[in-house]
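Asker:
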Amino acid sequence: MHVIETDKLTKRFGNFTAVDRISFRVESGEIFGFLGANGAGKTTAMRMLCGLSVPTSGKATVAGYDVYKKSEQIKKHIGYMSQKFSLYADLKVWENIRLFGGIYGLSEKRLADKTDELLHTLNLENERNALVGSLPLGWKQKLAFSVAIIHEPAIVFLDEPTGGVDPVTRRQFWELIYDASARGITVFATTHYMDEAEYCNRVSIMVDGRIEALDKPSVLKETYHAENMNEVFRSLAKKATRGE
Amino acid sequence: MKILLYLLEKECKQIKRDRFLPKVIFIIPVLQLAILPFAANFEIRNINISIVDNDHSVYSQRLTEKIRSSGYFKLSDISLNYEDGLASIENDKSDILIEIPVNFEKDLGKEGEARVLIAANAINGTKGGLGSSYLSGIIQDFNSELGYGFSQAAGGIASKYLYNPRLNYKNYMVPGIMVFLLTLIGGFLSALNIVSEKEKGTIEQINVTPLSKSLFLLSKLIPFWIIGFILLTIGIFIAWLLYGLIPVGSFGVIYLFAAIYLIAFTGFGLAISSISSNQQQAMFTAFFFIIIFALMSGLFTPISSMPEWAQWLTLFNPLRYFIDVMRMVYLKGSLLSDLSVHFFVICLFAIFFNVLAVIGYRKSN
Numbered sequence: 001m002h003v004i005e006t007d008k009l010t011k012r013f014g015n016f017t018a019v020d021r022i023s024f025r026v027e028s029g030e031i032f033g034f035l036g037a038n039g040a041g042k043t044t045a046m047r048m049l050c051g052l053s054v055p056t057s058g059k060a061t062v063a064g065y066d067v068y069k070k071s072e073q074i075k076k077h078i079g080y081m082s083q084k085f086s087l088y089a090d091l092k093v094w095e096n097i098r099l100f101g102g103i104y105g106l107s108e109k110r111l112a113d114k115t116d117e118l119l120h121t122l123n124l125e126n127e128r129n130a131l132v133g134s135l136p137l138g139w140k141q142k143l144a145f146s147v148a149i150i151h152e153p154a155i156v157f158l159d160e161p162t163g164g165v166d167p168v169t170r171r172q173f174w175e176l177i178y179d180a181s182a183r184g185i186t187v188f189a190t191t192h193y194m195d196e197a198e199y200c201n202r203v204s205i206m207v208d209g210r211i212e213a214l215d216k217p218s219v220l221k222e223t224y225h226a227e228n229m230n231e232v233f234r235s236l237a238k239k240a241t242r243g244e
Numbered sequence: 245m246k247i248l249l250y251l252l253e254k255e256c257k258q259i260k261r262d263r264f265l266p267k268v269i270f271i272i273p274v275l276q277l278a279i280l281p282f283a284a285n286f287e288i289r290n291i292n293i294s295i296v297d298n299d300h301s302v303y304s305q306r307l308t309e310k311i312r313s314s315g316y317f318k319l320s321d322i323s324l325n326y327e328d329g330l331a332s333i334e335n336d337k338s339d340i341l342i343e344i345p346v347n348f349e350k351d352l353g354k355e356g357e358a359r360v361l362i363a364a365n366a367i368n369g370t371k372g373g374l375g376s377s378y379l380s381g382i383i384q385d386f387n388s389e390l391g392y393g394f395s396q397a398a399g400g401i402a403s404k405y406l407y408n409p410r411l412n413y414k415n416y417m418v419p420g421i422m423v424f425l426l427t428l429i430g431g432f433l434s435a436l437n438i439v440s441e442k443e444k445g446t447i448e449q450i451n452v453t454p455l456s457k458s459l460f461l462l463s464k465l466i467p468f469w470i471i472g473f474i475l476l477t478i479g480i481f482i483a484w485l486l487y488g489l490i491p492v493g494s495f496g497v498i499y500l501f502a503a504i505y506l507i508a509f510t511g512f513g514l515a516i517s518s519i520s521s522n523q524q525q526a527m528f529t530a531f532f533f534i535i536i537f538a539l540m541s542g543l544f545t546p547i548s549s550m551p552e553w554a555q556w557l558t559l560f561n562p563l564r565y566f567i568d569v570m571r572m573v574y575l576k577g578s579l580l581s582d583l584s585v586h587f588f589v590i591c592l593f594a595i596f597f598n599v600l601a602v603i604g605y606r607k608s609n
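As structure tokens, this is what we get:
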């Protein structure tokens, strides 16, 4: 079963085509890397799939729901972590967990358990009462990820989750992603780090709003006669005509 | 409904932790009610008067004394003749002059009639007009003390001021200012709220959840609604403390109207906030409307003296209705049954603004 399916999905802003007829499928339980240079249209594509942006044309379903007609249904089954940190900085760690758990309809009992479990996994037990704004970036990102999957969604969308984070924390972050994936959550992530691309089951590479390549990292490396994903990415991204 | 509680918990904590808001909530009503009624005062006092006394009699002395002790006038000079008095007005030393003619006392005694001249600088029309009418009043009073003039005559006019017998301007202003206060808080704070979530990016995390728009807006509305009630209560207390003002009518009517009015104006702020993309936009839009609402509400200037088209426009001004209500309840003791039209109209505004807010707030673009 495909949890995400798009067919010629397009988004235009005036004359500018941010996302140009992309068609792809994501399998259930997969870790799907969504790569592309800055301005290639990754975030726009992701926002359409999350129901934050209405497509201009094309078709797409997420978790079996149509993005035009059932965007509120989709929202029940997905988690989303935006590029910009977007938990409430003026709320404490446990308060943020409680708020989003509450919005997703978790019971009071489940919320309490989940909060303890989550703080334990993240090693944030001592920060339970700290304002989220006061945490270091890496911790914030891990917290944001955990909050995004607090309701055990079918899919979680991650928009550059590890941007600006140190290598050790990035490693820990990917462990969280593997955990989630092991629980059956499909992961759809954009990244700029090509070593992270290697961790994905499959990756797509977007150039100027179009998907130029999509396959397993090993296959891509073979196709482009490259040593690593970095070289694959560069040989594709140099075709880009869009500036930053 | 349970979700609403989680959201309200969030809003309350955020307001409590805000370094700015809780202070504003208490300082604004105190300052506004302590300062504005004095500043926004159309009673004219301290009119500079130049007296030209050509008679130098007992009567002319008495009239001069009476003018000076009235409390409205400040004697700027005693001029020798009309020309000097006029020069004093020209130099802006005086606003008004009164000339007492030669033989003032003699004519009054002999013929029961004498003429004085009043000349007022009408650049400031209100000051000139009120100055000369105060002065006429004093002269009339002077006449009746001496047994002349028409207060003795059969056709004398007696006026009685109803509801605000001492024509205390503050009694008129304070209830209106309370409305303005609720408008500021309801309108501005809520206008800045959603848009600040947009700027911080937190709204994205909300928009990607299945949370319904109206529930989210309701969670924004309720805290401001409660804050409005607190403000109103502080306002009523200050009005009593500083001005001894207690509503003649019932508190129930005031709070009932305030409840709906606050829903309307918080809705107004939320609508602006939903539509704007940053705080500056929201601020200017809210400012624009609130200034117009305030100027056309009858708070400072009577609506009946506006041109007809402007009077017609005030019908679309929520402030106008609530100010009316507050003045009527505070000074006349009007009942809900007297105010049914006002009630109906304010309800319409509440519905209109909140529907606008729900439509304006988009979870996707």
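Protein chains in written order, with the working numbering: chain A, 1 to 244; chain B, 245 to 609.
Beta carbons are placed, not taken as given, at the ideal position from N, Cα and C, and that holds for glycine.
Give the residues of chain B in contact with Lys76(A), contact being defined as C-beta atoms less than 8 Å apart.
Answerer: Taking the first residue of the first sequence as position 1, residue 76(A) is located at position 76. Within chain B, the residues near Lys76(A) are Pro454.
Asker: Could I get the ranges of all uninterrupted alpha helix (DSSP H) runs contained in the stretch 77-149 of chain A, with 4 residues as the minimum, in chain order?
Answerer: Complete alpha helix (DSSP H) runs here, min 4: 93-103, 108-121 and 137-148.
Asker: Anything in chain B within Cβ reach of Val54(A), meaning under 8 Å, just list it in chain order.
Answerer: Reading the first sequence from its first residue, position 54 is the one you call residue 54(A). The contacting residues are Ser608 and Asn609.
Asker: Pop quiz: Arg242(A) and Gly39(A) are said to be a contact at Cβ under 8 Å. What is the actual Cβ separation, rounded to whole angstroms?
Answerer: In the first sequence, the residue the question calls residue 242(A) occupies position 242. In the first sequence, the residue the question calls residue 39(A) occupies position 39. Between Gly39(A) and Arg242(A) the Cβ distance is about 5 Å, and since that is below 8 Å, they are a contact.
Asker: Against chain C, which members of the stretch 256-275 of chain B pass a CB distance test of less than 8 Å?
Answerer: As a matter of chain content, chain C is missing from the structure shown, whose protein chains are A and B.
Asker: Where does Ala358(B) land, buried or exposed, given buried means 16+ other C-beta within 10 angstroms?
Answerer: Here residue 358(B) refers to the residue found at position 114 of the second sequence. Classification for Ala358(B): buried.
Asker: Decide if the stretch 32-47 of chain A is in contact with the stretch 185-202 of chain A; the criterion is three or more beta carbon pairs, one per stretch, under 8 Å apart.
Answerer: The stretch 32-47 of chain A, when compared against the stretch 185-202 of chain A, does touch it at the 8 Å Cβ threshold.
Asker: What are the residues in the stretch 417-448 of chain B lying within 7 Å of chain A by C-beta distance?
Answerer: Against chain A - using a Cβ distance shorter than 7 Å - the residues of the stretch 417-448 of chain B are Gly445, Thr446 and Glu448.
Asker: Is the Cβ-Cβ distance between Ser110(A) and Leu119(A) less than 9 Å?
Answerer: Reading the first sequence from its first residue, position 110 is the one you call residue 110(A). Reading the first sequence from its first residue, position 119 is the one you call residue 119(A). Residue 110(A) is actually Arg in this sequence, not Ser. No; because the gap between Cβ atoms is not below 9 Å, this pair is not in contact.
Asker: When you compare only the Cα positions, how much space is there between Ile450(B) and Ala112(A)?
Answerer: The count along the second sequence starts at 1 and reaches residue 450(B) at position 206. The count along the first sequence starts at 1 and reaches residue 112(A) at position 112. Each residue's alpha carbon lies about 21 Å from the other.
Asker: For chain B, check one thing: does any of its Cβ atoms lie closer than 9 Å to the Cβ of Lys69(A)?
Answerer: Numbered from 1 along the first sequence, position 69 holds the residue referred to as residue 69(A). So, not an interface residue.
Asker: Give me the residue from Ala284(B), Glu253(B), Leu277(B) and Phe270(B) with the minimum Cα distance to Leu539(B).
Answerer: For the purposes of this step, residue 539(B) is identified with residue 295 of the second sequence, where counting begins at 1. Nearest C-alpha to Leu539(B): Ala284(B).
Asker: Can a CB atom of chain A be found closer than 9 Å to the CB of Tyr250(B)?
Answerer: Taking the first residue of the second sequence as 1, we reach residue 250(B) at position 6. Yes, contact with chain A.
Asker: Using three-state DSSP, classify Leu455(B) as helix, strand or coil.
Answerer: The sequence position of residue 455(B) within the second sequence is 211, counting from 1. Three-state result, Leu455(B): coil.
Asker: What residues in the stretch 6-31 of chain A bring their beta carbon closer than 8 Å to a beta carbon of chain B?
Answerer: From the stretch 6-31 of chain A, no residue has a Cβ closer than 8 Å to chain B.
Asker: Hey, does Glu253(B) have any beta-carbon neighbour from chain A nearer than 9 Å?
Answerer: As a working mapping, residue 253(B) is identified with position 9 in the second sequence. Glu253(B) counts as touching chain A.
Asker: Can you round the beta-carbon distance between Gly493(B) and Leu579(B) to whole angstroms, since I take them to be within the 8 Å contact cut?
Answerer: To locate residue 493(B), count along the second sequence from 1; it is residue 249. To locate residue 579(B), count along the second sequence from 1; it is residue 335. Between Leu579(B) and Gly493(B) the Cβ distance is about 7 Å, and since that is below 8 Å, they are a contact.
Asker: Whole angstroms is fine: what's the gap from Ile97(A)'s alpha carbon to Ala148(A)'s?
Answerer: By one-based count along the first sequence, residue 97(A) stands at place 97. By one-based count along the first sequence, residue 148(A) stands at place 148. About 9 Å.
Asker: From what residue to what residue does the alpha helix (DSSP H) around Phe151(A) run?
Answerer: Position 151 of the first sequence, counted from the first residue, corresponds to residue 151(A). For the record, residue 151(A) in the displayed sequence is His; it is not Phe. His151(A) -> no alpha helix (DSSP H), and no H or E assigned at all.
Asker: Measuring alpha carbon to alpha carbon, tell me which residue in His77(A), Ala37(A), Ala45(A) and Thr115(A) is nearest Asn230(A).
Answerer: The count along the first sequence starts at 1 and reaches residue 230(A) at position 230. Selected option, being the one with the closest Cα: Ala37(A).
Asker: Compare the C-alpha of Gln266(A) against each of Phe85(A), Arg171(A), Glu95(A) and Ile177(A) and name the closest.
Answerer: Because residue 266(A) is not part of the residues shown, which for chain A are 1 to 244, the question remains open.
Asker: Three-state secondary structure (DSSP) at Ala398(B)?
Answerer: Taking the second sequence and counting its residues from 1, the one referred to as residue 398(B) is at position 154. Unreliable positioning characterises Ala398(B) in this predicted model, as indicated by a pLDDT of 39, which lies under 50. A coordinate reading is not provided.
Asker: Measure the C-alpha to C-alpha separation of Lys337(B) and Asn290(B) and round it to an integer number of angstroms.
Answerer: Numbered from its first residue, the second sequence carries residue 337(B) at position 93. Numbered from its first residue, the second sequence carries residue 290(B) at position 46. Distance between the alpha carbons of Lys337(B) and Asn290(B) is about 12 Å.
Asker: Within its chain, find whatever has a CB closer than 6 Å to the CB of Gly329(B); leave out the 5 residues flanking it on each side and keep chain order.
Answerer: Residue numbering aside, residue 329(B) sits at position 85 when the second sequence is read from its first letter. If we look at Gly329(B) and ignore the five residues flanking it on each side, its Cβ neighbours are Ser294, Val296, Ser323 and Leu341.
Asker: Run down chain B in chain order and give the residues with a C-beta less than 9 Å from the C-beta of Glu95(A).
Answerer: By 1-based counting over the first sequence, the position of residue 95(A) is 95. Neighbours of Glu95(A) on chain B, chain order: Glu253, Lys254 and Lys257.
Asker: Using 8 Å as the Cβ pair cut-off and three pairs as the minimum, do the stretch 472-485 of chain B and the stretch 521-530 of chain B touch?
Answerer: No, they do not touch.
Asker: Ile247(B) versus chain A: which residues are under 8 Å apart at the beta carbon?
Answerer: In the second sequence, residue 247(B) corresponds to position 3, counting from 1. Near Ile247(B) (Cβ distances below 8 Å), the residues of chain A are Gly102, Ile103 and Gly105.
Asker: Are the beta-carbon atoms belonging to Phe661(B) and Leu559(B) less than 9 Å from one another?
Answerer: Coverage of chain B is limited to positions 245 through 609, which leaves residue 661(B) absent and any answer about it impossible.
Asker: What residue range does the alpha helix (DSSP H) around His586(B) cover?
Answerer: Here residue 586(B) refers to the residue found at position 342 of the second sequence. Per DSSP, His586(B) belongs to the alpha helix (DSSP H) from Ser584 to Gly604.
Asker: Hey, could you find the ends of the alpha helix (DSSP H) Ala237(A) is sitting in?
Answerer: Within the first sequence, residue 237(A) is the residue found at index 237, counting from 1. Residues Met229 to Ala237.
Asker: Tell me, please, which residues DSSP counts as bridged to Phe432(B).
Answerer: Stepping through the second sequence from its first residue, residue 432(B) is reached at position 188. Answer is none; Phe432(B) lacks a bridge partner.
Asker: Determine whether the Cβ of Phe603(B) lies closer than 9 Å to any Cβ atom of chain A.
Answerer: Here residue 603(B) refers to the residue found at position 359 of the second sequence. Note that residue 603(B) corresponds to Ile in the displayed sequence, not to Phe. Answer no: the Cβ-Cβ gap between Ile603(B) and chain A never drops below 9 Å.
Asker: Between the stretch 303-319 of chain B and the stretch 367-383 of chain B, do three or more beta carbon pairs fall short of 8 Å?
Answerer: Enough Cβ pairs lie closer than 8 Å, so yes.
Asker: With a CB to CB cut of under 8 Å and the five nearest residues on each side skipped, what residues in its chain are close to Ser458(B)?
Answerer: Residue mapping note: residue 458(B) aligns to position 214 of the second sequence, counting from 1. So the list reads Val602, once near-sequence residues are dropped.
Asker: Is the beta carbon of Val497(B) closer than 9 Å to that of Pro281(B)?
Answerer: Numbered from its first residue, the second sequence carries residue 281(B) at position 37. Numbered from its first residue, the second sequence carries residue 497(B) at position 253. No; because the gap between Cβ atoms is not below 9 Å, this pair is not in contact.
Asker: Once the 5 residues before and after Thr308(B) are set aside, which same chain residues still bring their CB inside 6 Å of it?
Answerer: Position 64 of the second sequence holds residue 308(B). Same-chain partners within the cutoff: Ile295.
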